[in-house]
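A.B. asks: Pasting a structure below so you can have a look.
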Amino acid sequence: DVNSCTAMLLGPVLDPLRSSSILKNLGTLHIRMQKHSDNAAYLAEKFEEIGLKYIYPGNPDHPQYELFTMIMNEDFGYGGMIAIDVETAERAAPFMELMQEKGVGYHAVSLGYFKTLFSNSGKSTSSEVPEEIQKEMGLSPGLIRFSVGLDHDIENTFEVIKSCLKELKYI
């Protein structure tokens with residue numbers, strides 16, 4: 236029984252294909268994490284330059300910057316997660332749709348993929364949290380979370396994101 240015996244205590248056993256895939260990919264995890272982190276740091280720098288409100292633990296103004304810096308592995312930077320705030324869910328939806336149309340990445344609720352993923356947290360992963368509590372948490376309705384991909388040309392990715400922001404007159 237999955238709810239009370241070995242599977243509950245130890246977890247289910249992966250099938251051989253998944254197990255071999257995980258084992259094979261562990262060898263390049265460090266390279267992928269470095270690229271995710273470098274790309275997110277680049278986007279954070281560019282978002283700062285254009286005056287876009289963003290959240291990134293590598294920003295010295297981030298409330299947990301010092302803690303993160305103390306505990307992180309310097310080889311992997313501050314990670315591949317970054318969020319921007321476009322103020323409302325009504326502004327977030329067309330922006331994410333446009334980014335997907337222009338090939339920035341995918342509108343998806345996930346944290347890890349080789350392509351950039353983005354989602355509006357208040358309408359996806361935190362949608363069951365009451366709006367009052369979201370406000371208390373500081374979760375803006377227009378917050379878009381990015382899991383930055385392994386883009387080889389992150390400069391172009393930024394230019395496409397910027398063009399989407401301009402097209403919608405957000406900047």
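What the sequence shown shows, in our numbering, is residues 236 to 406, in sequence order. The beta-carbon is built from N, C-alpha and C at its ideal position, and this holds for glycine as well.
What does DSSP give as the partner residue(s) for residue 342 in the beta ladder?
C.D. replies: 353.
A.B. asks: May I ask which residues mark the beginning and end of the alpha helix (DSSP H) holding residue 316?
C.D. replies: Segment 316 to 320 is the beta strand (DSSP E) holding residue 316; no alpha helix (DSSP H) there.
A.B. asks: DSSP three-state label for residue 379, please.
C.D. replies: Of the three classes helix, strand and coil, the one that applies to residue 379 here is strand, per DSSP.
A.B. asks: The alpha helix (DSSP H) with residue 269 in it runs from where to where?
C.D. replies: Its alpha helix (DSSP H) spans residues 264 to 284.
A.B. asks: Report the partner residues of residue 289 according to the DSSP bridge assignment.
C.D. replies: Bridge partners of residue 289: 319.
A.B. asks: Please return the same chain residues whose Cβ sits closer than 7 Å to the Cβ of residue 335, not counting the five positions on each side in sequence.
C.D. replies: Cβ neighbours of residue 335 beyond the five flanking positions: 341 and 342.
A.B. asks: Can you tell me whether DSSP reads residue 368 as helix, strand or coil?
C.D. replies: Three-state result, residue 368: helix.
A.B. asks: Just to confirm, is the Cβ distance from residue 278 to residue 383 under 9 Å?
C.D. replies: Taking 9 Å as the Cβ cut-off, residue 278 and residue 383 qualify as a contacting pair.
A.B. asks: Using C-beta distances below 6 Å, list every residue in its chain close to residue 352, excluding the 5 sequence neighbours before and after it, in chain order.
C.D. replies: Once the five neighbours on either side are set aside, the close Cβ partners of residue 352 are 340, 341, 343, 345 and 382.
A.B. asks: Looking only at its chain, what residues have a beta carbon closer than 8 Å to the beta carbon of residue 329, apart from the 5 residues adjacent to it on each side?
C.D. replies: Once the five neighbours on either side are set aside, the close Cβ partners of residue 329 are 403.
A.B. asks: Please return the same chain residues whose Cβ sits closer than 8 Å to the Cβ of residue 347, not counting the five positions on each side in sequence.
C.D. replies: If we look at residue 347 and ignore the five residues flanking it on each side, its Cβ neighbours are 382.
A.B. asks: Any contact of the segment 370 to 381 with the segment 310 to 321, i.e. 3+ C-beta pairs under 8 Å?
C.D. replies: At 8 Å Cβ cutoff, the stretches touch.
A.B. asks: Alpha carbon to alpha carbon, how far is residue 389 from residue 367?
C.D. replies: The straight-line gap from Cα to Cα measures roughly 37 Å.
A.B. asks: Helix or strand or just coil, what does DSSP make of residue 348?
C.D. replies: Coil.
A.B. asks: Indicate whether residue 397 and residue 257 have their beta-carbon atoms separated by less than 9 Å.
C.D. replies: Not closer than 9 Å, so no.
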